[in-house]
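Engineer:
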Amino acid sequence: MHMSSDSIAYCAQSPWLRNLTLRENILGESAFNRVWYGTVTRTCGLQTDFSTLRKGDETMVGTKGISLSGGQKNRIALARAVYSRKPVLIVDDILSGLDQSTEKKIFHRVFGRNGILKRSNTTVVLATHSIHWTSYVDKIVVLDSGTIVEDGTYRSLSSRPGYLQHLKIQRDIEPVEDGVETASVHELVVEEPGTSSVHAAFLTDGENPVNRRSGDIRTLLFWLATVGWKHLAVYTILLTFSTAATTLQYIWLKWWAESTASKMMYMSVFVAITLADIVLVGTLIGAHFSFIASTDVGSITNRFSQDISLVDGTLPTTFINTTRGALSFKNLSASYAPMSEPVLHGIDLRIKSGERIGVCGRRGSGKSSLVAVLFGLLYHRSGEVLIDDVDVTSITPALLRSEVVALPQETFFQPGTVRENLFPWKVESGRPPASDERMTAALDEVQLLLKLQDAAGPGQSALDLRLVNAEELLSQGEQQLFCLARAMLMEGKIVVLDECTSSVDIATEKLMQQILRQPPFSDRTTIAIAHRLDTILDFDRVVVMNAGRIVENDDPRILIETEGSLFRALVESQGAAQS
Ligand SMILES: Nc1ncnc2c1ncn2[C@@H]1O[C@H](COP(=O)(O)OP(=O)(O)O)[C@@H](O)[C@H]1O
Ligand SMILES: [Mg+2]
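First residue of the sequence shown? That's 1 in the UniProt record's numbering, and the numbers climb one at a time after it.
#1: When the Cα atoms are used, what is the spatial distance from Leu407 to Ala442?
#2: Under the criterion of a Cβ to heavy atom distance below 7 Å, does Gly115 qualify as lining ligand 1?
#3: With burial defined as no fewer than 16 other Cβ atoms inside 10 Å of the residue's Cβ, what is the status of Ser368: buried or exposed?
#4: Could you tell me which of Thr322, Ile550 and Glu410 sits nearest to Leu481, measuring between CA atoms?
#5: Below 8 Å between beta carbons: does that hold for Gly115 and His108?
#6: Per DSSP, Phe329 forms a beta bridge with which residues?
#7: On the CB-based measure, 16 or more other CB atoms within 10 Å of its CB, does Ser184 come out buried or exposed?
#8: Closest to Glu58 by CA distance: which of Trp255, Arg80, Ser365 and Ile26 is it?
#9: Use the C-beta contact count for Gln476: other C-beta atoms within 10 angstroms, 16 or more gives buried, fewer gives exposed.
#10: If we count the other Cβ atoms within 10 Å of its Cβ and call it buried at 16 or more, is Arg517 buried or exposed?
#11: Just reading off the alpha helix (DSSP H) that Asp555 is part of, what are its end residues?
#12: Are there three or more Cβ pairs, one per stretch, closer than 8 Å when the stretch 457-477 is compared with the stretch 489-497?
#13: Would you identify the three-state DSSP class for Ala261, choosing helix, strand or coil?
#14: Taking buried to mean at least 16 other C-beta atoms within 10 Å of its own C-beta, is Lys86 buried or exposed?
#15: Can you pull every residue whose C-beta falls closer than 6 Å to some heavy atom of ligand 2, listed in chain order?
#16: Is Arg541 helix, strand or coil when you go by DSSP?
#17: Assign Asp144 to one of three DSSP states: helix, strand, or coil.
#18: On the three-state DSSP scale, how would you describe Gly70?
#19: Could you pull out every unbroken alpha helix (DSSP H) segment of at least 4 residues lying fully inside the stretch 76-125, listed in chain order?
#20: Give the straight-line distance between the Cα atoms of Leu570 and Pro556, rounded to the nearest whole angstrom.
#21: Please state the DSSP three-state secondary structure of Thr246.
#22: Short of 7 Å in beta carbon distance, which residues of its chain neighbour Ile8, apart from the five on each side in sequence? Order them along the chain.
#23: Helix, strand or coil for Asn421, going by three-state DSSP, please let me know.
#24: Under the criterion of a Cβ to heavy atom distance below 7 Å, does Thr243 qualify as lining ligand 1?
#25: Is Thr48 near ligand 1, with its Cβ less than 7 Å from a heavy atom?
#26: I'd like to know if the stretch 538-558 and the stretch 383-393 are in contact, where contact means that at least 3 CB-CB pairs between them fall below 8 Å.
#27: Tell me the DSSP bridge mates of His380?
#28: Applying the 10 Å Cβ sphere with the 16-neighbour rule, what's the burial state of Thr147?
#29: On the DSSP letters alone, give me the boundaries of the alpha helix (DSSP H) that Val41 sits inside.
#30: Out of Asp534, Pro15, Gly162 and Leu68, state which residue places its alpha-carbon closest to the alpha-carbon of Thr364.
#31: Does the contact criterion of 3 or more C-beta pairs under 8 Å hold for the stretch 522-537 versus the stretch 348-363?
#32: With a threshold of 8 Å on Cβ separation, who are the neighbours of Thr153 within its own chain once the five nearest residues in sequence on each side are excluded?
#33: The alpha helix (DSSP H) with Thr440 in it runs from where to where?
#34: Under 8 Å by Cβ, that's how I've got residue 593 and Leu467 pegged, so tell me the actual separation to the nearest angstrom.
#35: Measure the alpha-carbon distance for Arg119 versus Ile76 and round it to whole angstroms.
#36: Helix or strand or just coil, what does DSSP make of Asp498?
As structure tokens, this is what we get:
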């Protein structure tokens, strides 16, 4: 097939956003057309998001979309692709990051038979593992291990034994009318678990994959560039003053000891210098989320604990006392900036060591904010949070991050070997790095060892394999499994999972869910934000959030039996969307 890349719009599975305003991200290279822009953003459900932002679509995205949820990023990327009005649109599994009801809405509005793409006569190739949309497309292609194993219309494939029949599809809402081909999606690539996705084929055709930076100096330069030279200059000046203040303290003490003049004068100056030093040091290391987001080192922080420790290994972390992993939120209200409205209100939650808690609730209900507290990213306005018996605000962020293991939705890799990527925080934690045996065992457990060994070549250890471009070697699911192995090797007694399985295929999700129920995870206190509620039905407890408050907190088996419970309603709405 020959086609200029000018006529194809492509929407990747990991949304690509630039640090510009939301509007600029949607416009991309296209010119602004008010009517079309309005139509596209409405269709992609973005106008409600805009209305919640003070600056609307003029809001800056921040590096890699720091302040946006995974679903919002997906919808912005989709809006950009639709806005560009190219005759061909290739979409790689963009729907999987959306919650069920949004997914349904977006599918119908964008890809449905009266959807915006049908109306603009766009040819669509959709790679997906959401098989419930297969009845809406003109043609289905099923891939397995890189080859096409089935293709045809929904009716022809579902009437004969094969992948589609095997998956027992029940159609969502309106059935396709007999004999009428009304679907708008022209081709749909259903991926068998483990299959490489369609975008690889298109990317290598014409477009060069971006060459990844590698090497330690480049990592440092990359970090410096992310921070920005302006902030670095301010940091350097503050650091200089702070160092000077510390030195002055010693000198002043010496003068004081040698002098016979008024003690009061020496004392006051000493206190003044000390206070200045505390303020400066506080400014340097006490930065909260609002600072980080507005100065755009956000993407690093967003990836939670382990990743920021790659670059700030200087905070003291040697005085760890191992925790048991008990947690209590006591009437906590917290906000993202010192003066902004709290996003969490009166949170009361006691979690015993080793307990497994599922957190659910609608988008924006405060689930991510609840766990962000455990990484010291929010301002506590009232109440407190204790790990064992220690108030988290009294612990340095670095220490906090070594006690709380995070598995976020976004995967993260640095240029370096597999070993370095498995244990990137070895230096600053003060702990010995995990042994090669443990690392190899962890890779084996997540079923990546063979693949990495193959890639390393004969006689080479998988651990020494250099990951120049991890995104190219590993599929989205495999990247997430790699991060799971990384989390396995951490020692922290508390594990936080933020919808980490929501954008992987079914087989990977199953494997991850299984591993998360085995040691070492089964011995740790687990807090899992769940996208799919069936993944937390066997948990000890479920916390349902609504508008920044905990509205239900009980055994999921009890909640699901309770007439009128929000949890039951959420489970039912998911069931309806899936069937
Ligand atoms: N970085 C941020 N800065 C300011 N407000 C935020 C930020 N992230 C989330 N919020 C707000 O906090 C509230 C809860 O959001 P969040 O915790 O992300 O919900 P959920 O994870 O349940 O979707 C929302 O009103 C959201 O707008
Ligand atoms: Mg969230």
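For every residue, glycine included, the Cβ atom is placed at its ideal position computed from N, Cα and C.
Structural biologist: Looking at the coordinates:
#1: A straight line joining the alpha-carbon of Leu407 with that of Ala442 spans about 15 Å.
#2: no
#3: buried
#4: Glu410
#5: yes
#6: Leu349 and Val385
#7: Its pLDDT being 46, under 50, Ser184 is placed unreliably in this model, and the coordinates cannot settle the point.
#8: Ile26
#9: buried
#10: exposed
#11: Counting along the chain, Asp555 falls outside any alpha helix (DSSP H), and DSSP gives it neither H nor E.
#12: no
#13: coil
#14: buried
#15: Ser69, Lys367 and Ser368
#16: For Arg541, the secondary structure class from DSSP, reduced to helix, strand or coil, is strand.
#17: Residue state for Asp144 is assigned as strand, using DSSP reduced to three classes.
#18: helix
#19: 100-106 and 116-119
#20: 12 Å
#21: helix
#22: Lys86, Val88 and Ile90
#23: helix
#24: no
#25: When distances are taken from the beta-carbon of Thr48 to the heavy atoms of ligand 1, even the shortest one reaches 7 Å or more.
#26: no
#27: Ala334
#28: exposed
#29: First, the amino acid is wrong: residue 41 is Thr here, not Val. Run containing Thr41: Arg34 to Thr43, per the alpha helix (DSSP H) assignment.
#30: With the sequence shown as reference, residue 364 is identified as Gly, and Thr is not the correct amino acid for it. Among Asp534, Pro15, Gly162 and Leu68, the Cα nearest to that of Gly364 is on Leu68.
#31: A contact is defined here as three or more CB-CB pairs under 8 Å, and the stretch 522-537 meets this definition with respect to the stretch 348-363.
#32: Sequence-distant partners of Thr153 (beyond 5 residues in either direction) whose C-beta falls short of 8 Å from its own C-beta, in its chain, are Asp138, Lys139, Ile140 and Glu181.
#33: Asp436 to Glu445
#34: No statement about residue 593 is possible, as the shown extent of the chain runs from 1 to 579 and does not include it.
#35: 20 Å
#36: strand
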